[in-house]
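See below for the structure under consideration.
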Amino acid sequence: MNRPLALGTPEQFRGPRQLDVLIPTRNRPAELAVTLSGLAAQEGVPDFGVVVSDQSDGGPAYAHPAAATMVRALRHRGRPVLLTRRLPRRGLAEHRAYLLAQSAARYVLCLDDDVWLEPGALARLVTAIRELGCGFVGNAVHGLSYADDVRPETHVHYEEWYGRPVPERVRPGTPEWDRAAIHPAANLLHVTEKLRLPAGAWRAYKVSWIGGCVLYDRAKLIDSGGFEFWRRLQERHQGEDVAAQLAVLERYGGAGVLPSGAYHLESPTTVTEREIEAWEVVLT
Numbered sequence: 022m023n024r025p026l027a028l029g030t031p032e033q034f035r036g037p038r039q040l041d042v043l044i045p046t047r048n049r050p051a052e053l054a055v056t057l058s059g060l061a062a063q064e065g066v067p068d069f070g071v072v073v074s075d076q077s078d079g080g081p082a083y084a085h086p087a088a089a090t091m092v093r094a095l096r097h098r099g100r101p102v103l104l105t106r107r108l109p110r111r112g113l114a115e116h117r118a119y120l121l122a123q124s125a126a127r128y129v130l131c132l133d134d135d136v137w138l139e140p141g142a143l144a145r146l147v148t149a150i151r152e153l154g155c156g157f158v159g160n161a162v163h164g165l166s167y168a169d170d171v172r173p174e175t176h177v178h179y180e181e182w183y184g185r186p187v188p189e190r191v192r193p194g195t196p197e198w199d200r201a202a203i204h205p206a207a208n209l210l211h212v213t214e215k216l217r218l219p220a221g222a223w224r225a226y227k228v229s230w231i232g233g234c235v236l237y238d239r240a241k242l243i244d245s246g247g248f249e250f251w252r253r254l255q256e257r258h259q260g261e262d263v264a265a266q267l268a269v270l271e272r273y274g275g276a277g278v279l280p281s282g283a284y285h286l287e288s289p290t291t292v293t294e295r296e297i298e299a300w301e302v303v304l305t
């Protein structure tokens, strides 16, 4: 019988760690368990914690036995885990702002609740942001059901950074905005396969934004406004990650990292009310 799961407290959790992983979730116990299992298998980043904030309609997803076991596995391996609920819902941006406020770490990884990270992915992202010195790096998520769907017309949007990324002002209607075409389906996987990188090698490339798995320098994210723009939004929005990344790009620069070790679980979305794009409101 699965025993009650300790939630932890914000006071116990907040500390000067290298990295915290911030996971918002709603109505996804199975997907959350898979996401946590990927984190439990990470090596090479000895000092990271995990915050899960649940907005499920019923009981919290982390109470499901599979998810609870992965929470215990993380704690058993020395990773502090804070489990919270954030109700009533005030929208995606407010949820991310709440999660960010729980951390005092040097870096924060905004990880969606439907992404599995392969072993080594977290260490590669941390290495990249340290060496590049920019505001964020990210792993675009692969949809493996599209592994045989090769779209060469999207590969032209792949452009590497040579040296450190510089700040960029990226806006709709520009060639820079079109970089996002490299990320849907399995496009980035196909680009990576063509590069034939040696084992352990990675590349930084230019992005407009990345969904699902983004590692920020926390101080630079906060200096760029964080997710505090939630106060200007109605609850039924999407694109809050785009809005935050555009702001960080403009001040500090950012990059995608390949190979990506992030895999999308391809479950149906739980964000069904998307009346506005957060980035459109923020840009205007």
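Going by my numbering, the sequence shown wraps up at 305, each residue one higher than the last. Where a beta carbon is used, it is the ideal one built from N, C-alpha and C, also for glycine. Computed from a predicted model, the values in this text were never measured in an experiment.
Taking the alpha carbon of residue i as the reference point, which residue from the options has its own alpha carbon closest?
| i | options | result |
| --- | --- | --- |
| Ile243 | Gly277, Arg117 and Arg200 | Arg117 |
| His176 | Gly156, Ala206 and Ala54 | Ala206 |
| Val66 | Ala144, Leu209, Arg47 and Ser74 | Ala144 |
| Leu153 | Pro37, Val92, His211 and Asp238 | Asp238 |
| Pro25 | Tyr83, Ala62 and Pro45 | Tyr83 |
| Pro101 | Gly79, Val158, Gln39 and Asn48 | Gln39 |
| Gly5 | Val129, Gly80 and Val235 | Residue 5 lies beyond the range of the chain shown here (22 to 305); nothing can be said about it. |
| Gly70 | Ala61, Gly260, Lys227 and Gly282 | Ala61 |
| Val162 | Ser229, Leu209 and Glu249 | Leu209 |
| Arg96 | Val72, Glu249, Glu180 and Glu115 | Val72 |
| Leu146 | Arg98, Ala89 and Leu279 | Leu279 |
| Leu165 | Glu174, Val187, His211 and Thr195 | His211 |
| Arg185 | Arg192, Ala201, Leu270 and Asp133 | Leu270 |
| Gly99 | Pro193, Trp300 and Gln63 | Gln63 |
| Gly194 | Val187, Ser229, Pro219 and Asp133 | Ser229 |
| Gly79 | Pro109, Arg272 and Asp170 | Pro109 |
| Val171 | Arg111, Cys234 and Thr213 | Thr213 |
| Arg111 | Ala27, Pro31, Pro45 and Val303 | Pro45 |
Which word fits residue i, buried or exposed, when buried means at least 16 other C-beta atoms lie within 10 angstroms of its C-beta?
| i | result |
| --- | --- |
| Ser124 | buried |
| Tyr183 | exposed |
| Thr305 | exposed |
| Arg252 | exposed |
| Arg293 | Reading off the sequence, residue 293 comes out as Thr, not Arg. Exposed, by the Cβ-count rule. |
| Gln33 | exposed |
| Gly156 | buried |
| Ala240 | exposed |
| Lys215 | exposed |
| Arg47 | buried |
| Pro173 | exposed |
| Val191 | buried |
Taking 8 Å as the threshold (C-beta atoms), are residue j and residue i in contact?
| i | j | result |
| --- | --- | --- |
| Asn23 | Pro86 | yes |
| Leu104 | Gly29 | yes |
| Trp223 | Ala149 | yes |
| Ile203 | Gln255 | no |
| Ala54 | Met91 | yes |
| Asp75 | Arg106 | yes |
| Gly141 | Gly282 | yes |
| Leu236 | Trp137 | no |
| Glu2 | Glu181 | Any question about residue 2 goes unanswered here, given that the chain covers just 22 to 305. |
| Ala114 | Phe250 | yes |
| Leu57 | Cys131 | no |
| Tyr284 | Tyr226 | no |
| Thr290 | Arg49 | no |
Kindly give me the distance between the Cβ atoms of residue i and residue j, rounded to whole angstroms, as I take these residues to be in contact under 8 Å.
| i | j | result |
| --- | --- | --- |
| Gly232 | Asp262 | 6 Å |
| His258 | Arg295 | 7 Å |
| Val158 | Gly274 | Not quite, the Cβ-Cβ distance comes to about 10 Å (not below 8 Å), so this is no contact. |
| Ser245 | Ala268 | 4 Å |
| Gly247 | Trp300 | About 14 Å separates the two Cβ atoms, so there is no contact after all. |
> What are the uninterrupted segments assigned as alpha helix (DSSP H) that are 4 or more residues long and contained completely in the segment 134-176, given in chain order?
Replying inline: 142-153
> In the segment 221-277, which residue ranges form an unbroken beta strand (DSSP E) of at least 3 residues, counting only runs that do not cross its ends?
Replying inline: 224-226 and 234-238
>> Restricting to runs no shorter than 3 residues, where is the beta strand (DSSP E) found entirely within the segment 47-100?
In response: 69-75
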